[in-house]
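Q: The sequence shown begins at 4 in the working numbering and counts up by one.
Every residue, glycine too, gets a C-beta built ideally from N, C-alpha and C.
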Amino acid sequence: MTTMESLIGLVNRIQRACTVLGDYGGGDNNTFSSLWEALPSVAVVGGQSSGKSSVLESIVGRDFLPRGSGIVTRRPLVLQLHKLETGSQEYAEFLHLPRRKFTDFSLVRQEIQDETDRLTGKTKQISPIPIHLSIYSPNVVNLTLIDLPGLTKVAVEGQPESIVQEIEAMVRSYVEKPNCIILAISPANQDIATSDAIKLSREVDPTGERTFGVLTKLDLMDKGTNALDVLEGRSYRLQHPWVGIVNRSQADINRNVDMIVARRKEREYFASSSDYGHLANKMGSEYLAKLLSQHLESVIRARIPSITSLINKSIEELESEMDHLGRPIALDAGAQLYTILELCRAFERIFKEHLDGGRPGGDRIYNVFDNQLPAALRKLPFDRHLSLQNVRKVVSEADGYQPHLIAPEQGYRRLIEGALGYFRGPAEASVDAVNFVLKELVRKSIAETQELKRFPTFQAELAAAANEALERFREESKKTNLRLVDMESSYLTVDFFRRLPQEVEKSATPAPANIDRYAEGHFRRIASNVSSYIGLVADTLRITIPKAVVYCQVRQAKQSLLNHFYTQIGKKEGKQLSQMLDEDPALMERRQQCAKRLELYKAARDEIDSVSWVGKIWGLCAWWKLWSALSFSIVITHCASQVTRIHQLLNKNESEDVGTETETKEDVSECKDLDSNCGDDDLNDKIESESLKSANDEEGITNNGDGSVLLDCDSGSRNSSGIGFTFSVEVQSPIQKRPPKKMIWAKAGKVISTIGWIHHRR
Numbered sequence: 004m005t006t007m008e009s010l011i012g013l014v015n016r017i018q019r020a021c022t023v024l025g026d027y028g029g030g031d032n033n034t035f036s037s038l039w040e041a042l043p044s045v046a047v048v049g050g051q052s053s054g055k056s057s058v059l060e061s062i063v064g065r066d067f068l069p070r071g072s073g074i075v076t077r078r079p080l081v082l083q084l085h086k087l088e089t090g091s092q093e094y095a096e097f098l099h100l101p102r103r104k105f106t107d108f109s110l111v112r113q114e115i116q117d118e119t120d121r122l123t124g125k126t127k128q129i130s131p132i133p134i135h136l137s138i139y140s141p142n143v144v145n146l147t148l149i150d151l152p153g154l155t156k157v158a159v160e161g162q163p164e165s166i167v168q169e170i171e172a173m174v175r176s177y178v179e180k181p182n183c184i185i186l187a188i189s190p191a192n193q194d195i196a197t198s199d200a201i202k203l204s205r206e207v208d209p210t211g212e213r214t215f216g217v218l219t220k221l222d223l224m225d226k227g228t229n230a231l232d233v234l235e236g237r238s239y240r241l242q243h244p245w246v247g248i249v250n251r252s253q254a255d256i257n258r259n260v261d262m263i264v265a266r267r268k269e270r271e272y273f274a275s276s277s278d279y280g281h282l283a284n285k286m287g288s289e290y291l292a293k294l295l296s297q298h299l300e301s302v303i304r305a306r307i308p309s310i311t312s313l314i315n316k317s318i319e320e321l322e323s324e325m326d327h328l329g330r331p332i333a334l335d336a337g338a339q340l341y342t343i344l345e346l347c348r349a350f351e352r353i354f355k356e357h358l359d360g361g362r363p364g365g366d367r368i369y370n371v372f373d374n375q376l377p378a379a380l381r382k383l384p385f386d387r388h389l390s391l392q393n394v395r396k397v398v399s400e401a402d403g404y405q406p407h408l409i410a411p412e413q414g415y416r417r418l419i420e421g422a423l424g425y426f427r428g429p430a431e432a433s434v435d436a437v438n439f440v441l442k443e444l445v446r447k448s449i450a451e452t453q454e455l456k457r458f459p460t461f462q463a464e465l466a467a468a469a470n471e472a473l474e475r476f477r478e479e480s481k482k483t484n485l486r487l488v489d490m491e492s493s494y495l496t497v498d499f500f501r502r503l504p505q506e507v508e509k510s511a512t513p514a515p516a517n518i519d520r521y522a523e524g525h526f527r528r529i530a531s532n533v534s535s536y537i538g539l540v541a542d543t544l545r546i547t548i549p550k551a552v553v554y555c556q557v558r559q560a561k562q563s564l565l566n567h568f569y570t571q572i573g574k575k576e577g578k579q580l581s582q583m584l585d586e587d588p589a590l591m592e593r594r595q596q597c598a599k600r601l602e603l604y605k606a607a608r609d610e611i612d613s614v615s616w617v618g619k620i621w622g623l624c625a626w627w628k629l630w631s632a633l634s635f636s637i638v639i640t641h642c643a644s645q646v647t648r649i650h651q652l653l654n655k656n657e658s659e660d661v662g663t664e665t666e667t668k669e670d671v672s673e674c675k676d677l678d679s680n681c682g683d684d685d686l687n688d689k690i691e692s693e694s695l696k697s698a699n700d701e702e703g704i705t706n707n708g709d710g711s712v713l714l715d716c717d718s719g720s721r722n723s724s725g726i727g728f729t730f731s732v733e734v735q736s737p738i739q740k741r742p743p744k745k746m747i748w749a750k751a752g753k754v755i756s757t758i759g760w761i762h763h764r765r
């Protein structure tokens with residue numbers, strides 16, 4: 004698979020998976036971030052009767068789209084083209100029919116119509132949910148196109164008046180995305196200024212960077228006119244070249260002229276046209292398909308980093324969402340019991356945070372003690388109870404037939420007991436107020452426990468168990484606080500009354516000797532004494548009632564709110580536990596969507612990584628081939644220069660060796676005699692050596708000091724297999740005795756042999 008096929012095929016697979024999950028361009032599903040909108044695509048835009056369908060069929064090379072009057076395309080058609088090897092059979096597949104291959108493209112046309120009707124009905128309504136069609140053919144290029152409903156200006160019969168705005172809104176939702184390539188199709192026999200496609204593309208892409216202009220029906224223009232101003236960019240300039248298309252005529256369509264034949268006629272039209280002949284190589288549906296495929300591939304390659312970034316961010320968000328929603332519940336009873344206990348612990352943790360101040364709510368309990376209780380105590384009707392009339396009545400009734408002698412003790416007791424009875428109301432009110440606050444905190448804690456949101460049945464049972472426990476705590480607290488009030492009534496503080504005579508004696512005005520025990524002043528003094536004692540008791544209860552409430556209700560709620568519930572859970576069986584963990588259907592659907600989308604994003608990330616690595620490997624291979632070629636060229640050049648240097652050195656030494664010709668000839672004849680019985684080493688032993696000192700060291704030729712010259716061809720390079728090489732050629736000094744030239748060239752032949760070995764290793 005080539006790089007282009009990998010990139011476009013990758014986008015095709017991701018788009019199909021997104022559609023299955025309900026994520027498609029132009030849709031209203033904003034529950035999740037849209038991956039579809041991040042994928043580059045080519046949207047085909049044009050008005051009705053602009054030749055849009057004919058252009059698509061010409062690109063595909065098949066007659067497969069529904070035809071008719073009015074709005075024929077009522078759902079977006081995502082057309083994914085896959086190139087096959089020459090000779091392979093063409094076929095089509097729909098995403099909603101994944102196991103069925105269509106080889107008869109008339110059935111493809113019918114299925115598009117049927118699938119549209121299944122969602123929109125037989126009416127002329129439109130829908131943003133796309134139909135996915137994949138076509139596999141040797142006559143196409145790898146390309147993905149989105150065929151959108153044709154722009155219209157008037158609603159036809161059976162359509163609402165808003166259909167014009169609905170179609171434009173749908174098309175706009177696709178083409179306004181920055182990753183969308185716009186294929187704006189306009190008929191050549193109409194003024195380009197009135198083109199619906201150009202008007203819309205100009206609004207969403209004013210610079211024309213994303214727009215490809217296509218001019219159809221060139222063969223239908225009036226004689227003597229042409230569309231060169233548009234095609235050459237003088238009438239309306241875009242960043243990309245305009246492409247002219249000649250579609251099949253209606254007569255050709257009626258005669259079912261083959262699309263391959265139509266393509267040939269299109270090529271012949273442009274090649275033979277006097278107006279467009281100079282543009283023939285840049286016109287036609289085949290050129291348009293290749294142009295779009297190459298551009299789409301380049302855009303995908305440029306967008307891969309941003310797509311990868313979006314996928315990684317979405318994966319993090321989805322994993323966080325999955326943690327928030329929780330994992331699916333196991334079927335094992337032990338695991339279910341463990342889950343229930345964990346949910347209870349999570350609830351108790353939040354409930355305690357409310358009480359201890361980590362979350363708001365616990366301060367409301369303090370408000371009961373600091374404001375509500377004192378206010379209730381102040382509102383008690385002690386003034387009426389200790390009125391002069393009531394005091395006289397109570398004291399008189401307490402004395403009976405025998406009036407009191409010194410102090411009306413029984414009257415005092417009855418007045419005090421009657422007054423203390425009023426404290427029962429504030430004590431019970433304090434208990435009820437704290438119980439109400441605790442129930443509110445339970446409700447709020449359940450709502451704030453994220454783990455509980457997926458289990459509405461368990462929420463109800465947990466709330467019922469907590470409220471039941473709070474009711475038990477309330478009853479116990481009420482009994483305790485009423486006991487406090489009763490204890491004040493059952494035993495009066497004697498020291499308070501013992502101090503009363505002393506206070507009277509210390510007063511400035513002594514009491515008269517003859518006091519009327521039933522005078523108004525006497526009863527007023529009794530009321531004052533009782534009021535003082537009641538105030539003392541009120542101060543005591545203001546302190547002890549909060550203590551009792553906290554001990555019996557708040558402390559118990561913190562320590563043992565769900566103890567009884569734990570006991571009941573331990574007695575339940577697996578089926579009952581499963582019923583308690585019955586999840587909210589909406590939440591289950593949400594988690595399932597998250598899981599599928601998370602799987603899609605991870606698979607997309609892996610595929611993008613694999614495609615990226617393929618590209619990197621191809622790049623490295625290209626660099627390696629280039630480097631190997633350069634290295635081999637350097638080695639060849641270096642070795643050739645050394646061989647040339649050998650030849651120059653021999654010529655130089657021959658010219659300098661004047662007067663030694665006879666001696667040299669003798670040496671040569673001697674060498675010839677010895678050539679059959681001795682090797683190079685024996686020959687070197689027979690030749691006297693003398694140092695040859697020159698600037699040859701710089702050229703890689705080293706004087707060994709024994710009359711021989713070492714030619715070092717270690718250039719520091721490496722061959723294609725990564726193995727360094729070093730070879731040498733020894734050349735005898737020719738000053739006194741010089742070996743024959745054929746032996747020197749034999750040594751130089753080793754250089755050529757080394758080069759051949761390197762080439763073989765490559």
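Using only the alpha-carbon positions, how far apart do Leu485 and Ile548 sit?
A: 9 angstroms
Q: Could you tell me if Asn142 is buried or exposed, where buried requires 16 or more neighbouring beta carbons within 10 angstroms of its beta carbon?
A: buried
Q: What residues in its chain sit with their C-beta under 6 angstroms from that of Ser534, if we drop five residues either side in the sequence?
A: Leu389
Q: On the DSSP bridge list, what partners appear for Tyr425?
A: Answer is none; Tyr425 lacks a bridge partner.
Q: Assuming the contact rule is C-beta atoms closer than 8 angstroms, Arg417 and Ala401 should be a hit. Round their C-beta distance to whole Å, please.
A: That belief holds up - the Cβ atoms of Arg417 and Ala401 are roughly 5 angstroms apart, short of 8 angstroms.
Q: Under 8 angstroms between the Cβ atoms of Ile188 and Val47?
A: yes
Q: For Ala436, which residues in the same chain have their Cβ closer than 8 angstroms to its Cβ, ignoring the five residues on either side in sequence?
A: Val371, Gln375
Q: Could you please give the first and the last residue of the uninterrupted alpha helix (DSSP H) stretch that includes Ala468?
A: 459-493 is the span of the alpha helix (DSSP H), which, as asked, contains Ala468.
Q: Locate the alpha helix (DSSP H) running through Tyr369, then write down its first and last residues.
A: 366-370
Q: Should Val269 and Ser252 be called a contact, given that it needs their Cβ atoms to be closer than 8 angstroms?
A: Checking the displayed sequence, the identity of residue 269 turns out to be Glu instead of Val. The Cβ atoms of Glu269 and Ser252 do not sit closer than 8 angstroms to each other.
Q: Would you identify the three-state DSSP class for Pro152, choosing helix, strand or coil?
A: Assigned with DSSP and collapsed to three states, Pro152 falls in coil, not helix or strand.
Q: Here's the rule I'm using: 16 or more other beta-carbon atoms within 10 Å means buried, otherwise exposed. How should Asn680 be labelled?
A: Reliability fails at Asn680, whose pLDDT of 45 lies under 50, so the model's placement of it is uncertain and the value that follows must be treated cautiously. It is exposed - the Cβ of Asn680 has fewer than 16 other Cβ atoms within 10 Å.
Q: Are the Cβ atoms of Thr311 and Ile611 separated by less than 8 angstroms?
A: yes
Q: How would you label Gly414, buried or exposed, when you count the other beta carbons within 10 angstroms and need 16 or more for buried?
A: buried
Q: Quick check on the DSSP output: what are the complete beta strand (DSSP E) runs of length 3 or more inside the region 112-147, in order along the chain?
A: Secondary structure in the region 112-147: the beta strand (DSSP E) runs of 3 residues or longer, each lying completely within the stretch, are 134-140 in chain order.
Q: Going by DSSP, which residues form a beta bridge with Cys183?
A: Answer is Ser44.
Q: Going by DSSP, what residue range makes up the beta strand (DSSP E) through Thr214?
A: 214-219
Q: Can you tell me which residues form a DSSP beta bridge with Phe97?
A: Leu100, Leu136
Q: How long is the line joining the alpha carbons of Ala468 and Glu602, rounded to whole angstroms?
A: Rounded to the nearest angstrom, the two C-alpha atoms are 39 angstroms apart.
Q: In this structure, how does DSSP classify Gln83 when only helix, strand and coil are distinguished?
A: strand
Q: Apart from the five residues on each side of it in sequence, which residues of its chain come closer than 7 angstroms, Cβ to Cβ, to Ile449?
A: Here Ile449 has Phe350, Leu455, Gln462, Leu465, Ala466 as same chain residues with Cβ atoms under 7 angstroms from its own Cβ, once five neighbours each way along the sequence are excluded.
Q: Restricting to Cα atoms, I'd like to know which of Leu80, Asp208, Ile184, Leu122 is closest to Arg153.
A: Reading off the sequence shown, one finds Gly at residue 153, where the question assumed Arg. Considering only alpha carbons, the answer is Leu80.
Q: Since Arg65 contacts Phe108 with CB under 8 angstroms, what's their CB separation in whole angstroms?
A: 5 angstroms
Q: Assign Asn566 to buried or exposed, taking buried as 16 or more other Cβ atoms, counted over all protein chains shown, within 10 Å of its Cβ.
A: Around the beta-carbon of Asn566, fewer than 16 other beta-carbon atoms lie within 10 Å, marking it exposed.
Q: Do Arg70 and Thr119 come within 8 angstroms of each other at the CB atom, strictly closer than that value?
A: no
Q: Can you tell me which of Thr155, Ile166, Leu391, Ala230 puts its alpha carbon nearest to the alpha carbon of Asn192?
A: Answer by Cα proximity: Ala230.
Q: Can you tell me which residues form a DSSP beta bridge with Ser189?
A: Leu218
Q: Excluding five sequence neighbours on each side, which residues of the same chain lie with their C-beta closer than 7 angstroms to the C-beta of Asn15?
A: Gln83, Thr147
Q: Quick one: give me the first and last residue of the alpha helix (DSSP H) that Tyr554 is part of.
A: Element bounds for Tyr554: n/a, residue is neither H nor E.
Q: When the Cα atoms are used, what is the spatial distance from Asn259 to Arg205?
A: Each residue's Cα considered, the two are about 36 angstroms apart.
Q: Among Gly90, Leu68, Gly124, which has the Cα closest to the Cα of Ile115?
A: Leu68
Q: Measure the Cβ-Cβ separation of Asn250 and Ser52 and say whether it is below 8 angstroms.
A: No, the Cβ-Cβ distance between Asn250 and Ser52 is not below 8 angstroms.
Q: Can you tell which of Glu491, His525, Leu580, Gly524 has the C-alpha that lies nearest to the C-alpha of Leu544?
A: It is Glu491.
Q: Taking Leu770 as the reference, give the member of Phe499, Leu110, Ile248 with the closest Cα.
A: Absent from the model: residue 770. The displayed extent of the chain is 4 to 765, so no value can be given.
Q: How big is the Cα-Cα spacing for Phe273 and Thr155?
A: Their backbone Cα atoms lie some 31 angstroms apart in a straight line.
Q: Going by the DSSP bridge assignment, what does Gly49 pair with across the sheet?
A: Ile188
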